[in-house]
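Enquirer: Okay, here's the structure, questions in a sec.
There are 6 protein chains.
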Amino acid sequence: MRYLADVSEGDQIVDIYLCADRQVLKTRAGKTYYSVRLQDKTGTGDAKIWDLNDGIHDFKKGDYIKVDASVVSFQGSMQYNIRRLRVAQEGEYDPVDYVPSTEFDINDMYNEFIGFIDEMDDKWLNQLATQFFVEDKEFAKAFKAHSAAKSVHHAFYGGILEHTLGMLRLAKFIADQYPVMNRSLLYAGTMFHDMGKLKELSDFPIIDYTDEGQLIGHIMIGIEWLTTKINKIPGFPPVLANLLKHMILSHHGELAYGSPKKPELIEAMALHYIDNIDAKIKTFSTLLDGTDPQDDWVGYQRLFETNIRRSRW
Amino acid sequence: MRYLADVSEGDQIVDIYLCADRQVLKTRAGKTYYSVRLQDKTGTGDAKIWDLNDGIHDFKKGDYIKVDASVVSFQGSMQYNIRRLRVAQEGEYDPVDYVPSTEFDINDMYNEFIGFIDEMDDKWLNQLATQFFVEDKEFAKAFKAHSAAKSVHHAFYGGILEHTLGMLRLAKFIADQYPVMNRSLLYAGTMFHDMGKLKELSDFPIIDYTDEGQLIGHIMIGIEWLTTKINKIPGFPPVLANLLKHMILSHHGELAYGSPKKPELIEAMALHYIDNIDAKIKTFSTLLDGTDPQDDWVGYQRLFETNIRRSRW
Amino acid sequence: MRYLADVSEGDQIVDIYLCADRQVLKTRAGKTYYSVRLQDKTGTGDAKIWDLNDGIHDFKKGDYIKVDASVVSFQGSMQYNIRRLRVAQEGEYDPVDYVPSTEFDINDMYNEFIGFIDEMDDKWLNQLATQFFVEDKEFAKAFKAHSAAKSVHHAFYGGILEHTLGMLRLAKFIADQYPVMNRSLLYAGTMFHDMGKLKELSDFPIIDYTDEGQLIGHIMIGIEWLTTKINKIPGFPPVLANLLKHMILSHHGELAYGSPKKPELIEAMALHYIDNIDAKIKTFSTLLDGTDPQDDWVGYQRLFETNIRRSRW
Amino acid sequence: MRYLADVSEGDQIVDIYLCADRQVLKTRAGKTYYSVRLQDKTGTGDAKIWDLNDGIHDFKKGDYIKVDASVVSFQGSMQYNIRRLRVAQEGEYDPVDYVPSTEFDINDMYNEFIGFIDEMDDKWLNQLATQFFVEDKEFAKAFKAHSAAKSVHHAFYGGILEHTLGMLRLAKFIADQYPVMNRSLLYAGTMFHDMGKLKELSDFPIIDYTDEGQLIGHIMIGIEWLTTKINKIPGFPPVLANLLKHMILSHHGELAYGSPKKPELIEAMALHYIDNIDAKIKTFSTLLDGTDPQDDWVGYQRLFETNIRRSRW
Amino acid sequence: MRYLADVSEGDQIVDIYLCADRQVLKTRAGKTYYSVRLQDKTGTGDAKIWDLNDGIHDFKKGDYIKVDASVVSFQGSMQYNIRRLRVAQEGEYDPVDYVPSTEFDINDMYNEFIGFIDEMDDKWLNQLATQFFVEDKEFAKAFKAHSAAKSVHHAFYGGILEHTLGMLRLAKFIADQYPVMNRSLLYAGTMFHDMGKLKELSDFPIIDYTDEGQLIGHIMIGIEWLTTKINKIPGFPPVLANLLKHMILSHHGELAYGSPKKPELIEAMALHYIDNIDAKIKTFSTLLDGTDPQDDWVGYQRLFETNIRRSRW
Amino acid sequence: MRYLADVSEGDQIVDIYLCADRQVLKTRAGKTYYSVRLQDKTGTGDAKIWDLNDGIHDFKKGDYIKVDASVVSFQGSMQYNIRRLRVAQEGEYDPVDYVPSTEFDINDMYNEFIGFIDEMDDKWLNQLATQFFVEDKEFAKAFKAHSAAKSVHHAFYGGILEHTLGMLRLAKFIADQYPVMNRSLLYAGTMFHDMGKLKELSDFPIIDYTDEGQLIGHIMIGIEWLTTKINKIPGFPPVLANLLKHMILSHHGELAYGSPKKPELIEAMALHYIDNIDAKIKTFSTLLDGTDPQDDWVGYQRLFETNIRRSRW
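Going down the list, the protein sequences come from chains B, D, G, A, P and S.
Going by our numbering, the first sequence opens with residue -7, and the numbers climb by one from there.
Going by our numbering, the second sequence opens with residue -7, and the numbers climb by one from there.
Going by our numbering, the third sequence opens with residue -7, and the numbers climb by one from there.
Going by our numbering, the fourth sequence opens with residue -7, and the numbers climb by one from there.
Going by our numbering, the fifth sequence opens with residue -7, and the numbers climb by one from there.
Going by our numbering, the sixth sequence opens with residue -7, and the numbers climb by one from there.
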């Protein structure tokens, strides 16, 4: 397959892409044309269909489409002028090629993740984690495949697993270095902190906020989900349930960032920093990856409110 | 009974008060004495026991105590010098005399409150409100008696009922004047918005934050409580459940004020303003009531970040 | 008349519109053309004159123009390609068709408004309101016709009357429910709070900030105006004048919103909330009205800093 | 006269001071005593009357009192133990000795101030300034004597004149260096910018906010005053009146600092900086003067949010 | 030479300009064209090369290019359609014509600047200033020629000299009017405050941030430079060195503006205001100069967060 | 030795303490007494000398004093009533007993610290670190002994070493987990980030800001120090020097926290988070340690702007 990231000006391509968007527009002269967003796992591209002839079959947003196009450069970006187009059949393409994906092996990551449950001494938290990540097959499957975000950081297949695992490694280091930490509580908070995102964001290939996600948000969703399972574990200490909920509730660190409580436990505070550091490093390196490797300075970054630079000398 | 608000310098009092606090201290000369905070429904007073003689029986914070004291003025405040003290027997006092209370009749308010349920056309929300406020006797009893706050506004017996009822009247006016509002949703949001406070704050006579209240807060508690009952109503529309939860979640109006979502529905936005206006007017009038009626200006108020004035000319 | 909101792609129109703007531009090929903004009470539309032939007579911004045009869709919006154009004669059109207008009857609203003056017990405030809204015919006429804003909320013919009346109804409710309020002062503050806008904003059909409006603003203008009339009422209590001025001065609620004083009176605080709630509900419903009724979510709204949703389930 | 600033521990004093405050208190042992704040132009001092014998005559806050006292040091401060006290007769004291005063000659400053009017070329502004500062004898007298603040900077007799004159000198320099400035407008804005303080703050010897000052503030008061005189000058250009009002209105520079408009004219912006620099330098030097000249560092200053240091090496 | 500011629609120009930028683009029809930014000291202009014929020689950003072009108006701006183009030879143009420059004479300004050194009584600061501005010829030359900014204020040849000199005049006035100021320290701080910009910003004709400038900034660079010279002056008092460094370090006034220390000395505070007032007046007058002199209001200015107006009536 | 933390009410003590402060005061009755702050490594205590008899020898702040005192409880705190006092001789006491100290072994920590230098592949950074921490014996000695702060976190003997070492361990983990990090740069930035504190804060036993510390701060001081050594290493790459300086400069993360640059390198951003997490965890656990182990909730903490809780259930 010819990935969008590898296409050059002047190329002729005949391949299948995901139609991430489709709009019907008119030229100034009044002629109707289509503007189409092509997507594969390496990114997206802007395509036009100037001539709506017989070679252009019906299609809609979300379809996998086979296109025959030539590539031109327009105002510094690639543009795909599509001459022929039809919807592809299942089997002609592998969905995995059309969503960006973690660079790590999902099963390796999952196994390492499960290993952290064994380190949790508290029997209630251990049991709760086991129920979610081991016994609840549907949950585990979703957790392994979901994105951690609509954009910004870990916005790819396996993203929430990669992010949570990165955080668990940091959590282990923190629990080793600072014995004041309760390891079980810190791990449990880490494991569950973003689980609400499984319902806040819709699934691949097109990630968006769900109705529930917009109305009540992943923090709330996660806590409700947790509560449901906790209520089914006879004898689960109510105080522990509140401490764990507080971990989830406060992990954004500040009210202004959407946490209705500031961290009141040392593990909750640590969780906030662990989340922050894994997310920010991933964001920063994603920004560096997305720019010309020849440039030291890669331009002003709204997320960091500064210009950023490659570290080399 | 002789209320603390009515006591004057030079009085001799022999009466029963709630011991809201008790500390053991020493004078500069090294002599041990007690500092005691007396409470009744009109306020609190600072008492001292300088001489720990036989007339001073054992007592602790939370006891109703019968004291024999003389009243002096010390640095502008009343001070009660206690000569004799014993713990009072149940029956010697009426608990109602020891907590500040709404000036309105609880049952009248409750009946008016119930009347609003009848106006709710949506059968699901009507059913939900009925289950809480009518059928759940324990909940209804707590709701009628509880405070709406530890301090600030409606911090008295019946406070949450008075505050919620005041808001319902406003909600009715708003729903009448602006037909775009969904009356059932606005009423339901209003009725349930602060219900989490029944568990966030401990009961009279000594109101304080509970462990659960500090860890997860009344917004979260209220939504969990609501969810429990909703889950028992077969067929309750999930979307409506999310809309109602959003009403509770967003009623503080801003992330920085502890709402993890800003109001996204017109009823949610209205609820935020209705809550604000009833609370602020009560706060303002309570501040005016607590000051010398002869003064036009009653001094800088931290809550309003300004000096406030009685409106007269 | 064919309103702009009712026009569809492919239509041919021959009708009179207000020219809200006119620019002379060039195509990339160097040919001169006109870009014209057409306006009627249902909105505005983007028109082009590609061919400056004899059928295109002289015209300027602010003219009512009769156009002969065909309607195309360009990048998702309607575009009017004008073939012929002349300035319309007075009598050919009714100005009322060209400005957005309140949906309510102006005289009904005005009569209801006047009724509130009768409820004002304070003779000085009653007299002052009567002088402005009843006896000063020119003022009353302007007040009935003016907009409450350049954009945002109540930005239409009769807008300031509709907004002030909506607030008076709320003020009446507040004064009824909270007896601590001085009804006369609250009504007077409400009636006069935005009167400075009559001079801050220019008149229909094209609303813009006046020189005076930009330099000193409607709060200042309103107070000066008020002072002029107050000074002509012998015996008007100076303290009352200051209280009333304070109501106007502080109605934005915060220094950062342009009020040089925060509300120091309970009526001033209430006025701020009453203004806010009427304006915000109108803004919210206007935003909902302006979007596709089939969508639940209507997109991110800068004014509310969130995505907003229709309340239905 | 023996000034408070010159008194040492162990002194016996018999002199007249202003009673700036008087409170009736009780010792822990229940004995009544008076706490009195003495004031003269060099500062204030804390006095006590432990023994309310026949030598202590009736007196109240605001009286000039003759006291017979011994000076002790209590917790690092001087304390005056008063043995005898009577109210002084007019003629026994000179009020000038009891308020802090500018170190410059009032008439010299006033004459220099008047000289700036001559430099104003604009006949309307020149005429307006002449009417206030030259022809309105009562205004001129008040302006020469008033304080510029209740505390902070230039809080002394002649303070507003000293401050305004210091600003005029800066304004002259600015107008000379930057020809873009309109000298007349800059001078007029400077002369009038704080005139509202003559009514915002009560007079010496005890400065406090007036009712009018608290309700509408010196910016508003100043503009109303200005308007009254402007309206009596036939032909005064309305646009110029608005520009001048804007200068006053915007001189705090930011909405959050109480200016309902930000500076929109280059002279208005300059006025804001000129006001700021004169006020801040005076504040800084007053803070340095009030501390031990042997210390380099004089401690954290809330007004500057930092520790400040004497500049020497 | 025909300056860009003097060109009108319809002109034919044959002249040399600096190529400030060059991009290769495509029309919608797929034809390659160049977009070129022309620069001279009066501003910049947008040029296009639609036809890449033999008359268009090779050139790159930074070249001085001789162009043969016709001027059209496109969407309200001038556009230069280039027909022929070649790189100009040294000698054909004078670089001074291609960068905006101070309107004052560089040498006159420099001589006046040097005169301020003579007024510095402190021998160490006098010696330090002399070493930089008189004896270090290379430094002096750069200081006379450099810009004070990439944009905003004094962004032209000689800009840092003009700005620093304007500040010195103000500093002299301040030192005269407020004797508490140490003149030598105030002058020295003023002279050196922006010297780091000589290395923070690259040289004319194309000003941009240097690597060092972005990484450590002009405050840091200036202090390092200063330290190098101070270390070579035997006996320079270390305390004085710290005071001077503090002046540079704190001259932005607030941490949030990039000063790691707030002003702790009265001269440091004055320096901050002097810098601010000279920069803001220049910015304001530059904005006025850049707009149509017929308009009173010149539109919303992001830098001042308000619309600004010419002061005339 | 009898540590202050182990003293109980009613004890009689005869031991040597550091005099951390000494004030001369007077009782209300006019009698002179001394208020003395005693210090040892477990904390400080409030002592009084009521009777200035022959047993009380001369002493001053900073002396090690031998006292004979009885312990009473006054308003909830211990108070030491001193009867006899003399200055102790060197040899009578061990200074180590009088300053709070790290609980870890200084030499163990130092050796582990040195081990990190070996991991630095970049020869320039390795050489620079070696020069400071290994070859510069005086620097190394100071670094091992100094505090990391005047208060807040790691405010004890060995504090800067413990804090920097804790950060290095985290840095190693980060460099291992995120290969994008340049290990040498991250380690170097970590090692040097707070070195300026060795001059910003005075030495034990009484830590305070130095003149240099207040005027230019530890960030500036550290960079100057670094520059001095870098300049002596022939061939040290200037770009690398700037990158390293940027690490130090930006490690507070935000301008408002005193960093004149925001982190522009991924290692600089990581350094900021590493500093934050080690400091915050230490602060949190210090706060927990300082409170009654029986309480779950330990009260509102200004540093975290919330009440904090021990994590147990």
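Even glycine gets a Cβ: it sits at the ideal position worked out from N, Cα and C.
1) Residue ranges of each alpha helix (DSSP H) run of no fewer than 4 residues wholly in the segment 166 to 210 of chain A, ordered along the chain?
2) List the DSSP bridge partners of residue 65(B).
3) Less than 8 angstroms between the CB atoms is what I'm expecting for residue 191(G) and residue 202(G), so what's the real figure, rounded?
4) On a CA-only basis, which of 100(D), 113(D) and 54(D) is nearest residue 90(D)? Give me that one, please.
5) Using a Cβ-Cβ distance cut-off of 8 angstroms, determine whether residue 27(S) contacts chain B.
6) Which bits of chain B does residue 203(D) rub up against, with CB to CB less than 8 angstroms?
7) Using a Cβ cut-off of 8 angstroms, pull out every chain S residue sitting near residue 18(D), in sequence order please.
8) What is the residue span of the beta strand (DSSP E) that residue 4(A) lies within?
9) Regarding residue 6(S) and the ligand MN, is the C-beta to nearest heavy atom distance less than 7 angstroms?
10) Am I right that residue 189(P) and residue 152(P) are in contact with their C-beta atoms under 8 angstroms? What's the rounded C-beta distance?
11) Based on Cα-Cα distance, which residue from 26(D), 11(D), 301(D) and 116(D) lies nearest to residue 230(D)?
12) Compare the C-beta of residue 272(A) with all C-beta atoms of chain P and state if any pair is closer than 8 angstroms.
13) Helix or strand or just coil, what does DSSP make of residue 42(G)?
14) I want to verify the contact list: residues of chain D whose CB lies under 8 angstroms from the CB of residue 288(S), in sequence order.
15) For the alpha helix (DSSP H) containing residue 116(A), list its first residue and its last residue.
16) Could one say the Cβ of residue -1(P) lies closer than 8 angstroms to chain A's Cβ atoms, at least one of them?
17) Does the CB of residue 131(P) have a neighbour CB from chain A at under 8 angstroms?
18) Where does residue 300(P) fall in DSSP's three states?
19) Can you tell me whether DSSP reads residue 77(P) as helix, strand or coil?
20) Out of 109(D), 196(D) and 218(D), which has the shortest C-alpha to C-alpha gap to residue 88(D)?
21) Between residue 135(D) and chain G, is any beta-carbon pair separated by less than 8 angstroms?
22) So residue 211(A) and residue 150(A) are supposed to be a Cβ contact under 8 angstroms. How far apart are they, rounded?
23) Put residue 305(A) into one of helix, strand or coil per three-state DSSP.
24) Apart from the five residues on each side of it in sequence, which residues of its chain come closer than 7 angstroms, Cβ to Cβ, to residue 263(B)?
25) Going along the segment 212 to 223 of chain G in order, which residues come within less than 8 angstroms of chain A, judged by CB to CB distance?
26) Could you tell me which residues DSSP pairs with residue 60(P) in its beta bridges?
27) What is the DSSP secondary structure of residue 294(D), counted as helix, strand or coil?
28) Mind reading off the beta-carbon distance from residue 8(G) to residue 56(G)? Whole number of angstroms is fine, and I expect it under 8 angstroms.
29) Mind checking if residue 4(P) is an interface residue toward chain B, Cβ cutoff 8 angstroms exclusive?
30) Report the rounded CA-to-CA distance for residue 84(D) versus residue 136(D), giving the unit in angstroms.
31) Cβ of residue 103(P) within 8 angstroms of Cβ of residue 109(P)?
Expert: The structure says:
1) 175 to 184 and 189 to 192
2) Reading the first sequence from its first residue, position 73 is the one you call residue 65(B). Partner(s): 70(B).
3) For the purposes of this step, residue 191(G) is identified with residue 199 of the third sequence, where counting begins at 1. For the purposes of this step, residue 202(G) is identified with residue 210 of the third sequence, where counting begins at 1. Residue 191(G) to residue 202(G), Cβ: 6 angstroms. Contact.
4) The sequence position of residue 90(D) within the second sequence is 98, counting from 1. That would be 54(D), whose Cα lies nearest to the Cα of residue 90(D).
5) Within the sixth sequence, residue 27(S) is the residue found at index 35, counting from 1. Chain B, which has no Cβ nearer than 8 angstroms to the Cβ of residue 27(S), makes this no.
6) Position 211 of the second sequence, counted from the start, is the residue given in the question as residue 203(D). What residue 203(D) touches in chain B: 231 and 234.
7) Position 26 of the second sequence, counted from the start, is the residue given in the question as residue 18(D). Ordered by position in chain S, the residues that pass the 8 angstroms Cβ test against residue 18(D) are 64, 65, 66 and 67.
8) Counted from its first residue, the fourth sequence places residue 4(A) at position 12. Start and end: 4 to 18.
9) Absence of the ligand MN from the depicted structure is noted, as is the absence of any ligand whatsoever, leaving it without description.
10) Translated into positions along the fifth sequence, residue 189(P) becomes position 197. Translated into positions along the fifth sequence, residue 152(P) becomes position 160. About 6 angstroms separates the two Cβ atoms, so the contact holds.
11) The residue labelled residue 230(D) in the question sits at position 238 within the second sequence. Of 26(D), 11(D), 301(D) and 116(D), the residue nearest in Cα terms is 116(D).
12) Numbered from 1 along the fourth sequence, position 280 holds the residue referred to as residue 272(A). It does: the Cβ of residue 272(A) has a partner Cβ on chain P nearer than 8 angstroms.
13) Residue 42(G) sits at position 50 when you count from the first residue of the third sequence. Residue state, collapsed to three classes: coil.
14) Sequence index remark: in the sixth sequence, residue 288(S) carries index 296 (1-based). Going along chain D in sequence order, the residues near residue 288(S) (Cβ under 8 angstroms) are 203.
15) Translated into positions along the fourth sequence, residue 116(A) becomes position 124. Counting along the chain, the alpha helix (DSSP H) containing residue 116(A) begins and ends at 115 to 122.
16) Position 7 of the fifth sequence holds residue -1(P). Chain A, which has no Cβ nearer than 8 angstroms to the Cβ of residue -1(P), makes this no.
17) Position 139 of the fifth sequence, counted from the start, is the residue given in the question as residue 131(P). With 8 angstroms as the cut-off, residue 131(P) does not count as an interface residue toward chain A.
18) Against the fifth sequence, residue 300(P) aligns to sequence position 308. Of the three classes helix, strand and coil, the one that applies to residue 300(P) here is strand, per DSSP.
19) Residue mapping note: residue 77(P) aligns to position 85 of the fifth sequence, counting from 1. In this structure, residue 77(P) counts as strand in the three-state DSSP scheme.
20) One-based indexing of the second sequence puts residue 88(D) at position 96. Residue 196(D) is the option with its Cα nearest to residue 88(D).
21) By one-based count along the second sequence, residue 135(D) stands at place 143. It does not: the Cβ of residue 135(D) has no partner Cβ on chain G nearer than 8 angstroms.
22) Position 219 of the fourth sequence, counted from the start, is the residue given in the question as residue 211(A). Position 158 of the fourth sequence, counted from the start, is the residue given in the question as residue 150(A). That pair is no contact at about 22 angstroms.
23) The sequence position of residue 305(A) within the fourth sequence is 313, counting from 1. In the structure shown, residue 305(A) sits in coil (DSSP, three-state: anything other than H, G, I, E or B).
24) Taking the first sequence and counting its residues from 1, the one referred to as residue 263(B) is at position 271. Cβ within range, chain order: 178, 181, 182, 185, 239 and 243.
25) Per Cβ criterion, the list reads 212, 215, 216 and 219.
26) As a first step, residue 60(P) is located in the fifth sequence; it is residue number 68 there, counting from the start. Residue 60(P) is bridged to 6(P) and 76(P).
27) If you number the second sequence from 1, residue 294(D) lands on position 302. Coil.
28) Working through the third sequence from its first residue, we reach residue 8(G) at position 16. Working through the third sequence from its first residue, we reach residue 56(G) at position 64. Residue 8(G) to residue 56(G), Cβ: 6 angstroms. Contact.
29) In the fifth sequence, the residue the question calls residue 4(P) occupies position 12. Output row for residue 4(P): interface = no.
30) What you label residue 84(D) is simply residue 92 of the second sequence in a count that begins at 1. What you label residue 136(D) is simply residue 144 of the second sequence in a count that begins at 1. Between residue 84(D) and residue 136(D), the C-alpha separation is close to 25 angstroms.
31) Sequence index remark: in the fifth sequence, residue 103(P) carries index 111 (1-based). Sequence index remark: in the fifth sequence, residue 109(P) carries index 117 (1-based). The answer is no: Cβ separation not under 8 angstroms.
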